[in-house]
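First residue of the sequence shown: 165, per the numbering used here; consecutive thereafter. Backbone N, C-alpha and C fix where the C-beta goes; we use that ideal spot for every residue, glycine too.
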Amino acid sequence: MQNVLLPLMLMLQQSQHRAEERDWMQRSRDDERQMLMREREEERQLQETQIRAKERRRNNQVKMYIMAMLSKVTGVPLDAPPSG
């Protein structure tokens, strides 16, 4: 009887060990995937921040250009106090 049980017990242990290894590998892949997704999200947010900063600078440049043109056309200096 023990001649039959021992190999079966060994097979069961090996099967459980392989299942644990597969689980560990899957968790490892999942962790790696999540890390990559986080990195991509951080990269995307950084790019969006850079784009918004670039747009703000551009808008400020346009605003300054318009103010300079208005000043030139109206003859009112840019640093003149508002008339009210």
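Assigned secondary structure, residue i (DSSP; H/G/I helix, E/B strand, else coil)
i: A217; result: helix
i: V240; result: coil
i: S247; result: coil
Which residue spans inside the region 171-211 form an unbroken beta strand (DSSP E) run of at least 3?
-> none
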